[in-house]
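Asker: Got a structure for you, questions after.
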C-alpha cells in the first residue's frame with residue numbers, strides 16, 4: 070500500500086529533490102536529458118540518467134517549429150504523461166510553456182495540471198528577477214521549481230535570436246543577482262543555458278541549490294542535453310554545446326549510457342563545447 074516506503078529501499082530508489090541536493094553536496098555530477106515519449110523514457114532510465122525534462126523543446130524537435138513559443142500546456146502534459154509511464158528512477162521535470170505563468174494564480178493552476186495530469190515532480194520556468202514572486206508563490210504551495218536563466222528560448226523574439234547571454238559584465242552581474250534571488254524565493258534547482266563557462270562556475274559556487282548547465286561550462290553541478298542531439302537525430306546545424314554520442318556505438322542505449330558516464334566522469338562538456 071505504501072509504495073513510497075518500498076521505493077526508498079529499492080536497489081535503484083527514485084531520484085528526488087533531496088537526492089539532487091546530496092549529489093551537489095558530495096560533488097557527484099547530475100546527468101540530465103530531455104525525453105518526450107515512453108519508449109525513450111525507458112531507454113534513458115536504463116542508461117542511468119538522473120533527471121528527465123519534458124521540455125518545450127518538443128516544439129522544435131518533435132513538432133517542427135522554429136521556436137518553442139507555439140507549444141501549449143496540453144502538449145507538455147501529453148508528452149509528460151507518456152514519459153512518466155516509461156520510467157521509474159529519474160526525477161521528472163516539465164517545462165511551463167510560453168505565457169502559462171504570467172500571474173501567480175495562473176502559474177499555480179498550470180503547475181498543478183502538470184503534476185496531476187502529467188505526472189511531473191518539478192516544473193521549470195524561464196525568467197530572472199521578474200519571476201521571483203511566481204517562484205515564491207509556487208514554493209509556498211509545495212511545488213518544486215527549477216528556475217531557467219541565461220538563454221531563454223521562449224524570449225527568443227525579444228532578445229533577437231539564440232545568442233549567448235551574460236558576456237557583458239553588467240549582464241553577468243544581473244544574472245548572478247537573479248540566481249540568488251530565485252534561490253531565496255524557493256527555487257530548488259537553477260538551470261543555466263548558453264552562458265560563458267566562467268559565469269557558470271561562479272553562479273554554481275554561489276548557490277546552495279543544484280545548478281544544471283547546457284552550454285554553461287563544465288563546472289555546473291549537472292549537465293542536460295536534448296536527447297535528439299545525443300543520438301545525432303537533429304537535422305541541420307547543431308548548438309556548439311551538443312555532442313554526438315552515437316559515433317562509434319551500435320545502439321541508442323549505449324549512446325545515452327556514454328553521455329551519462331561522460332557527465333559523471335567530467336569528460337563532457339569539453340572546452341570545445343563551452344563559451
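In the numbering used here, the protein residues as written are 70 to 344.
Think of the CB as a built atom: it goes at the ideal place given N, C-alpha and C, for glycine as much as any other residue.
Are the beta-carbon atoms belonging to residue 180 and residue 151 less than 8 Å from one another?
Answerer: no
Asker: For residue 91, does the count of other Cβ atoms within 10 angstroms reach 16, so buried, or fall short, so exposed?
Answerer: exposed
Asker: Mapping the DSSP letters down to three states, classify residue 301 as helix, strand or coil.
Answerer: Reduced to three states, the DSSP call for residue 301 is coil.
Asker: Assuming residue 120 and residue 110 are in contact, meaning their beta carbons sit under 8 Å apart, how far apart are those beta carbons, in whole angstroms?
Answerer: Not a contact, Cβ separation roughly 12 Å.
Asker: In three-state DSSP terms, what is residue 129?
Answerer: helix
Asker: Residue 287 by DSSP, collapsed to three states: which one?
Answerer: DSSP places residue 287 in coil when its eight states are reduced to three.
Asker: Pairs of beta-carbons, one from the segment 294–314 and one from the segment 86–105, closer than 8 Å: are there three or more?
Answerer: yes
Asker: Which residue comes first and which comes last in the alpha helix (DSSP H) that contains residue 113?
Answerer: 107–115
Asker: Quick check: what's the CA-CA separation for residue 185 versus residue 278?
Answerer: 25 Å
Asker: Taking the alpha carbon of residue 83 as the point to measure from, which residue in 129, 125, 98 and 158 has its own alpha carbon closest?
Answerer: 158
Asker: Rounded to a whole number of angstroms, what is the C-alpha to C-alpha distance between residue 149 and residue 194?
Answerer: A direct Cα-Cα distance of roughly 15 Å separates residue 149 from residue 194.
Asker: Could you give the residue range of the beta strand (DSSP E) that holds residue 164?
Answerer: It spans 160–164 - the beta strand (DSSP E) in which residue 164 sits, taken as one unbroken run.
Asker: Once the 5 residues before and after residue 252 are set aside, which same chain residues still bring their CB inside 6 Å of it?
Answerer: 276 and 278
Asker: Where does residue 191 fall in DSSP's three states?
Answerer: strand
Asker: Could you give the first and the last residue of the continuous beta strand (DSSP E) run that contains residue 217?
Answerer: Residues 213–219.
Asker: Determine, using beta-carbon pairs with one atom in the segment 213–223 and one in the segment 253–261, whether at least three such pairs fall under 8 Å.
Answerer: yes
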